[in-house]
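**Q** Chains A and B, in that order, are what the protein sequence lines are. Counting with the numbering used here, you get residues 5 to 506 for the letters of the first sequence. Counting with the numbering used here, you get residues 1226 to 1340 for the letters of the second sequence. Here's a structure for you.
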Amino acid sequence: MSALDGRSIRTPLSLDCDVVVVGSGPAGSAVARRLATAGAAVVVVEAGHRVAPTQFARPAFSAMAATYRDLGSSVVVGSAPIPYVQGRMVGGTSPINGAICWRLPRDVWEEWVAADPALGDAIPWERVEKETDEVEARLDVRPTDPAIAGPNNELMARGAEALGLDHRPIRRNVVGCEGLGRCMQGCPAGHKRSVDRTLLQDAEAAGARLLTGTTVRAIEQAGGRAVGIRARTDGGAEVRIQARHAVVLAASAVQTPVLLLQSGIGSPATGEGFAAHPGLSLSGRFAEPVRMWTGATQGHEVTGLRHEGLKFEALGYGHAIMAARIPAVGRPLAAAIADLAHEATWGVALRARARGRVRSLLGRTVVTYSLTPWDIQQLRRGLRVLGEMMLAAGAEHVSPGVRGAPAHTSSLQDLVALERDGPRRASAFRPVMTHLFGTCRMGSDPLRSVVRPDFRHHGLPGLYVADSSVFPSNTGVNPQVSIMALASLCARSVLAAASPAA
Amino acid sequence: MNARDALITAMIPAPGDGLPALGDLDLRGFWPRFQAAAPWHLRAGLALCTVVVGTVLPLLLRGRRLATLDADGRDAVLQRADRLPLCRDLLEVARLVACLAYFDDDGVQAAMARR
Chain A
5 MSALDGRSIR TPLSLDCDVV VVGSGPAGSA VARRLATAGA AVVVVEAGHR VAPTQFARPA
65 FSAMAATYRD LGSSVVVGSA PIPYVQGRMV GGTSPINGAI CWRLPRDVWE EWVAADPALG
125 DAIPWERVEK ETDEVEARLD VRPTDPAIAG PNNELMARGA EALGLDHRPI RRNVVGCEGL
185 GRCMQGCPAG HKRSVDRTLL QDAEAAGARL LTGTTVRAIE QAGGRAVGIR ARTDGGAEVR
245 IQARHAVVLA ASAVQTPVLL LQSGIGSPAT GEGFAAHPGL SLSGRFAEPV RMWTGATQGH
305 EVTGLRHEGL KFEALGYGHA IMAARIPAVG RPLAAAIADL AHEATWGVAL RARARGRVRS
365 LLGRTVVTYS LTPWDIQQLR RGLRVLGEMM LAAGAEHVSP GVRGAPAHTS SLQDLVALER
425 DGPRRASAFR PVMTHLFGTC RMGSDPLRSV VRPDFRHHGL PGLYVADSSV FPSNTGVNPQ
485 VSIMALASLC ARSVLAAASP AA
Chain B
1226 MNARDALITA MIPAPGDGLP ALGDLDLRGF WPRFQAAAPW HLRAGLALCT VVVGTVLPLL
1286 LRGRRLATLD ADGRDAVLQR ADRLPLCRDL LEVARLVACL AYFDDDGVQA AMARR
């Protein structure tokens, strides 16, 4: 095992390897694991730092400052600014997500293959399933234990049952969860089986080297192929890593296209097709304390309207984020904080039809994205269903958090009116986006995709993309497991290409 | 008290029930960490909110800056600002920063844990 901390590297550094992997999140860790265990010399470069469970801070600000990119407030530009959340640490977003695990839905895969039949040969369903099985086994994915679910999750189950909607305990990659309610700040007890504690650990055990605190600036080319990367450490040193077989990008659907564009490797589709799952939350007050900050952070979900692009989850914010989402200031905000223990908050995530674009302008990353009228209609519908579930679960009143709608209501008619006659403009809502896709799509047409169906870049041999950039669309479900499964297939593609020369 | 601190502390006056007001907390350690961690657009949003809601609006409404108003006057300005489109958007930033600062305090965390 060999790890280097870029904060302490202040003189130029040069490394050689078979494959350099940019990013240590779910995709990068899955690629590194597969390659390293196959005997390849792998270097993983990560801009963030390693944070041990004992270092995960309780207050949201301290936790977010240490582990979230831009303090969790990166925003897309469009019809309304929408924050998107990304981790910036070893393991990417995996150590600070809700630990929700979904397999790639078969219907989503079928959509992809219908649009581009070559994908059916490159990523056949059976291989996706096999890789998923392996990932889920390594991450110890299992349904949330009812014993630690907590009131917030139990209430959602009650509400969904009353409305006759399909619901279930969320399958999560945690073992021995104590219901500390701190998944989003990083589990201080180390119960989350995030990739830094599983796949990346396997990769390091197999000899992969991890270079943290180091930001990749460019992909190096020679002889018409990708041969390595140039980077800069947090200590100010230049780093060059030469890769004999491949450069694999796994830096996320925002950072990967930016790196390609900054390296002069753009193509017509690079950065296009940005897709996501915008989500809204709805709060409700219950007579009995809910104490949302205890129990499984996100332990229950409602899947009954997935065919409409809607998926509902119990949320588990810390105090600061709960309070920041209360639409009030001054004394009303203070009063709501005093009552915070009685609040439950649930969310709806939308498989939005909107498509945006990632660009690099004057050295800054710019994401443009505007919700479509259909998206806004579905978000209104999602809020109605959330409100109806919460009232059915016993809430005294609910707070949709929509400008132009009642601040609080206990009336089903108000919720129906919100769906039918509510605001049509995106700025009336306060969505947040968490799952990002599609900016370096895989496909057979170089004009409409960036990598081939086997993850190889269309224009530059030796270059691969492994992260959710390659997904042809958003999935409508939490993607970390499907990212790992597809990244494992990307690693197999790297191995297949390298083996004749090995 | 400067305009920024007046704005932020007015966001969370004493909630009661054992919880302190944001103005009762020592924020000297928070601001340097905020400046280091926050992206430019968050810092710019807070600065703009400080100018608009902390200075311009109270001057228009009350003839004085927010920092020189008493608690009732500050809250009245905030409630008015929260009904004005541009100010309401800016207050979203101020609310986020105020909540991050408030719940970053060990005493507040301990009080919440007992609830």
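The beta carbon of each residue, even a glycine, is placed where N, CA and C say it ideally should be.
Let me check understanding here. Comparing Cα to Cα, which of ARG107(A), ALA161(A), GLY391(A) and ALA340(A) lies closest to LEU1244(B)?
**A** ALA340(A)
**Q** Buried or exposed for GLU115(A), going by 16 or more other Cβ atoms inside 10 Å?
**A** exposed
**Q** Distance check for GLU224(A) and MET1236(B), CA to CA, integer angstroms please.
**A** So the two alpha carbons sit approximately 50 angstroms from each other.
**Q** For PRO261(A), count the other beta carbons within 10 Å of its own beta carbon; 16 or more makes it buried, fewer makes it exposed. Which is it?
**A** buried
**Q** Can you name the residues that DSSP bridges to GLN225(A)?
**A** ALA230(A)
**Q** Using the three-state DSSP reduction, which class does GLY299(A) fall into: helix, strand or coil?
**A** strand
**Q** Can you tell me which residues form a DSSP beta bridge with LEU1273(B)?
**A** Answer is none; LEU1273(B) lacks a bridge partner.
**Q** In terms of alpha-carbon separation, which member of VAL199(A), ILE86(A), VAL112(A) and HIS171(A) lies closest to GLY29(A)?
**A** VAL199(A)
**Q** Name, in chain order, the residues that DSSP records as bridge partners for LEU365(A).
**A** ARG368(A)
**Q** Could you work out which residues of chain A lie near ALA1263(B), taking near to mean beta carbons separated by less than 7 angstroms?
**A** Listed by position along chain A, the residues whose Cβ is nearer than 7 angstroms to that of ALA1263(B) are LEU75.
**Q** For ALA64(A) and GLY405(A), what's the separation of their Cα atoms in angstroms?
**A** 22 angstroms
**Q** Please return the same chain residues whose Cβ sits closer than 7 angstroms to the Cβ of LEU75(A), not counting the five positions on each side in sequence.
**A** When the five nearest sequence neighbours on each side are left out, the beta carbons in the same chain lying within less than 7 angstroms of the beta carbon of LEU75(A) are those of MET68 and ALA69, in order along the chain.
**Q** Spatial neighbours of ALA506(A) within its chain, please: CB distance less than 6 angstroms, with the 5 preceding and 5 following residues excluded, ordered by chain position.
**A** With a pLDDT of 42 at ALA506(A), under the threshold of 50, the predicted position of this residue should be treated as unreliable, though the coordinate-derived value follows. The answer is none, since no qualifying residue turns up.
**Q** By the three-class DSSP mapping on this structure, what secondary structure does THR443(A) have?
**A** If DSSP states are grouped into helix, strand and coil, THR443(A) belongs with coil.
**Q** For the region 329 to 347 of chain A, enumerate the residues whose C-beta is nearer than 7 angstroms to any C-beta of chain B, in chain order.
**A** VAL333, GLY334, ARG335, LEU337, ALA338, ALA339, ILE341, ALA342 and ALA345
**Q** Label HIS462(A) either buried or exposed according to how many other C-beta atoms from any shown protein chain fall within 10 Å of its C-beta, with 16 as the threshold for buried.
**A** buried
**Q** Roughly how many angstroms separate the alpha carbons of ILE100(A) and ALA61(A), rounded to a whole number?
**A** 12 angstroms
**Q** Using DSSP's beta-bridge definition, name the partner residues of PRO282(A).
**A** MET437(A)
**Q** Can you tell me where the alpha helix (DSSP H) with SER18(A) in it begins and where it stops?
**A** Segment 17 to 26 is the beta strand (DSSP E) holding SER18(A); no alpha helix (DSSP H) there.
**Q** Whose CA, out of ALA501(A), THR15(A) and LEU464(A), lies closest to the CA of GLY228(A)?
**A** LEU464(A)
**Q** Short of 6 angstroms in beta carbon distance, which residues of its chain neighbour THR1234(B), apart from the five on each side in sequence? Order them along the chain.
**A** LEU1247 and GLY1248
**Q** Please decide whether PRO63(A) counts as near chain B, where near means a Cβ-Cβ distance under 8 angstroms.
**A** By this cut-off, PRO63(A) is an interface position.
**Q** Give the straight-line distance between the Cα atoms of ALA332(A) and LEU286(A), rounded to the nearest whole angstrom.
**A** Computed Cα separation, rounded: 15 angstroms.
**Q** Applying a beta-carbon distance threshold of less than 7 angstroms, which residues of chain A neighbour ILE1237(B)?
**A** LEU337, ALA338 and ILE341
**Q** List the residues that DSSP assigns as beta-bridge partners of ILE245(A).
**A** LEU19(A) and ILE233(A)
**Q** Pairs of beta-carbons, one from the region 472 to 489 of chain A and one from the region 438 to 456 of chain A, closer than 8 angstroms: are there three or more?
**A** Because the criterion of three Cβ pairs below 8 angstroms is met, the region 472 to 489 of chain A and the region 438 to 456 of chain A touch.
**Q** Kindly list, in the order they appear in chain A, the residues whose Cβ is closer than 8 angstroms to that of PRO1240(B).
**A** The contacting residues are ALA338, ALA339, ILE341 and ALA342.
**Q** Quick check on the burial criterion: 16 or more other C-beta atoms within 10 angstroms. Buried or exposed for PRO435(A)?
**A** buried
**Q** Return the Cβ separation of TRP113(A) and VAL89(A) in integer angstroms, given the expectation that the two are a contact with Cβ distance under 8 angstroms.
**A** Contact flag wrong, Cβ pair sits at about 26 angstroms.
**Q** So, using beta-carbon positions, are GLY334(A) and ASP1329(B) closer together than 8 angstroms?
**A** Between GLY334(A) and ASP1329(B), the gap from beta carbon to beta carbon reaches 8 angstroms or more.
**Q** Please state whether the Cβ-Cβ distance between THR1275(B) and LEU1311(B) is less than 8 angstroms.
**A** no
**Q** With contact counted as at least three CB pairs below 8 angstroms, one residue from each stretch, are the region 245 to 256 of chain A and the region 14 to 21 of chain A in contact?
**A** yes
**Q** Could you check whether the Cβ of GLN1334(B) sits closer than 8 angstroms to any Cβ belonging to chain A?
**A** yes
**Q** Between which two residues does the beta strand (DSSP E) holding ILE86(A) run?
**A** Start and end: 86 to 88.
**Q** Using C-beta distances below 8 angstroms, list every residue in its chain close to VAL1278(B), excluding the 5 sequence neighbours before and after it, in chain order.
**A** LEU1232, LEU1291, VAL1302, LEU1303, ALA1306, CYS1312, LEU1315, LEU1316 and ALA1319
**Q** Answer with yes or no whether the minimum CB distance from ALA291(A) to chain B is below 8 angstroms.
**A** For ALA291(A), no Cβ of chain B is located within less than 8 angstroms of the residue's own Cβ.
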